[in-house]
Amino acid sequence: MTRSLRLAIALVTLLAGAMPDPAAAVDLADTPIVSVGGAVTEIIASLGAAERIRAVDTTSTYPAAAVAGKPNVGYMRQLSAEGILALGPVRVIAVEGAGPPDVLKLLAEAGVKIDRVADEPSPAGLLAKVRSISALVGRKTEGEALTAEIEAGFAALARERAMRTAHPRVLFVIALQNGRPMAAGAKSAAAAMMLLAGADNAVSGFDGYKPLSDEAIVAAAPDAVVFMDRPGLTAADLLALPAIAATPAGRRNAVFGMDGLYLLGFGPRTPAAARDLMAALDRHLAGASK
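Numbers -25 to -1, 1 to 265, taken from mature numbering (1 follows the signal peptide of the UniProt record, and there is no 0), label the letters of the sequence shown in order.
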């Protein structure tokens, strides 16, 4: 057990003695929210409840006005119990997969209300996420309006996709691990976005994300390589890898990045992100063919 966790346990014990049932002491409709997960934060803000957000996690970067100056409780999978408990009476609305479990257990034992929101990377999953969060923050009417707006965005995207005949093969790289690209397989947000943008995943045979060998990259023969735009990962970094350079994407210089939350978060901007991915693929592949 780490020193910080021992301190958290001591703090939980102290708080539990001082306020046996803090959730009952504060109306949840007015309780400040610790928002965990970039899409959760974006949805809360889109529902007009940004003023309820007391603190956020490191994946919550948009909208800037909703997160600026807010305390940060750490990465969504490595939350700080001490940091959350120090905020006073709060509730936690967290995306599925947030943790670690022992921290969430400590918070629950201290009386902190914790709601976990399912995070299926699909249009249906996004709409369910909006409905769930709108109910949690007491903004069902706004939630209905937001889901209607998102549904209209997906419908327009489907019409654009139906007019396309070409389906480029895309390799999505989320990071470099020991110099090897970590690529998106099936059942990943990146794979779902490729489908929404009318593209095909260049790799198969695994779920989630895994490092690819040089042979697997060359065999995938992607028409384009898309990567999560982040510090330390650029198009030049990927093109410097001989295996990437040997692919159709490398030979055409069809390698580009997009913001991770925008592209992979499955928040309210997802229809626009898929449309932007579609347009970016068109630009890079059209430019390469000239």
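For glycine and all other residues, C-beta sits at the position ideal for the given N, C-alpha and C.
Can you check which of these residues, the options, is closest to residue i by C-alpha distance?
i           : options                           : result
Lys45       : Val178, Arg29, Leu111 and Asp204  : Arg29
residue 271 : Thr6, Ala224 and Val31            : The structure shown does not extend to residue 271, since the chain is modelled only from -25 through 265, so no value can be given for it.
Leu252      : Ser179, Leu170, Pro223 and Tyr184 : Leu170
Gly86       : Leu101, Ala93 and Leu60           : Leu60
Asp182      : Ala247, Ala199 and Ala161         : Ala161
Arg258      : Met203, Pro246, Ala224 and Thr33  : Ala224
Ala93       : Gly118, Ala14, Ser179 and Leu238  : Ala14
Thr33       : Ala73, Val65 and Glu26            : Ala73
Alpha carbon to alpha carbon, what distance is there between residue j and residue i?
i       : j      : result
Ala83   : Ala165 : 33 Å
Thr140  : Ala254 : 14 Å
Gly128  : Thr36  : 22 Å
Ser264  : Gly49  : Here the model assigns Ser264 a pLDDT of 48, short of 50, so the residue's position is not dependable, and the following value carries that caveat. If you take the alpha carbons of Ser264 and Gly49, they lie about 44 Å apart.
Ile125  : Asp189 : 39 Å
Arg155  : Glu135 : 35 Å
Asp(-5) : Ile19  : With a pLDDT of only 45 at Asp(-5), under the threshold of 50, the placement of this residue in the model should not be trusted; the figure read from the coordinates follows. Cα to Cα, the separation comes out at about 26 Å.
Ala131  : Met168 : 15 Å
Ala158  : Ala123 : 33 Å
Pro243  : Arg227 : 33 Å
Val105  : Leu260 : 34 Å
Ile108  : Thr222 : 43 Å
Leu208  : Met138 : 33 Å
Thr6    : Tyr184 : 37 Å
Pro197  : Ala99  : 28 Å
Ser97   : Leu62  : 34 Å
At a cut-off of 7 Å, would you count residue i as near the ligand MN, judging by its Cβ distance to the nearest heavy atom?
i     : result
Pro76 : Looking for the ligand MN in the displayed structure turns up nothing, as the structure carries no ligands at all.
Ends of the alpha helix (DSSP H) at residue i?
i      : result
Lys115 : Lys115 to Ala137
Val11  : Note, Val11: premise wrong, no alpha helix (DSSP H); beta strand (DSSP E) at Ile8 to Val11.
Val105 : Pro98 to Leu111
Tyr237 : Gly235 to Leu239
Identify, in the order they occur along the chain, each residue of the same chain with its Cβ nearer than 7 Å to the Cβ of residue i, setting aside the five sequence neighbours on each side.
i      : result
Ala210 : Val230, Phe231 and Gly232
Ala220 : Leu214
Ala218 : Asp189, Ile192 and Val193
Ala24  : Val112 and Arg114
Ser10  : Thr16, Ile19, Ile28, Val31, Ser35 and Ile68
Starting from the C-beta of residue i, find all residues in its chain whose C-beta is less than 8 Å away, skip the five residues before and the five after it, and write them out in chain order.
i      : result
Asp212 : Leu151
What are the boundary residues of the beta strand (DSSP E) that residue i is part of?
i     : result
Lys88 : Lys88 to Val92
Ala30 : Ile28 to Val31
Given residue i, which residues of its chain have a CB within under 6 Å of its CB, disregarding the five upstream and five downstream residues?
i       : result
Ala(-3) : In this prediction, Ala(-3) has a pLDDT of 41, which is less than 50 and means its spatial position is unreliable; nothing more can be read from the coordinates.
Pro246  : Gly128, Phe129 and Leu132
Glu95   : none
Gly240  : Gly13 and Ala14
Next on the checklist: Quick test of the definition: if touching needs 3 or more C-beta pairs under 8 Å, does the stretch 48 to 57 touch the stretch 67 to 84?
Outcome noted: The stretch 48 to 57 vs the stretch 67 to 84: in contact.
Checklist entry - If you pair each beta-carbon of the stretch 169 to 178 with each one of the stretch 145 to 159, do three or more pairs fall below 8 Å? => result Because the criterion of three Cβ pairs below 8 Å is met, the stretch 169 to 178 and the stretch 145 to 159 touch.
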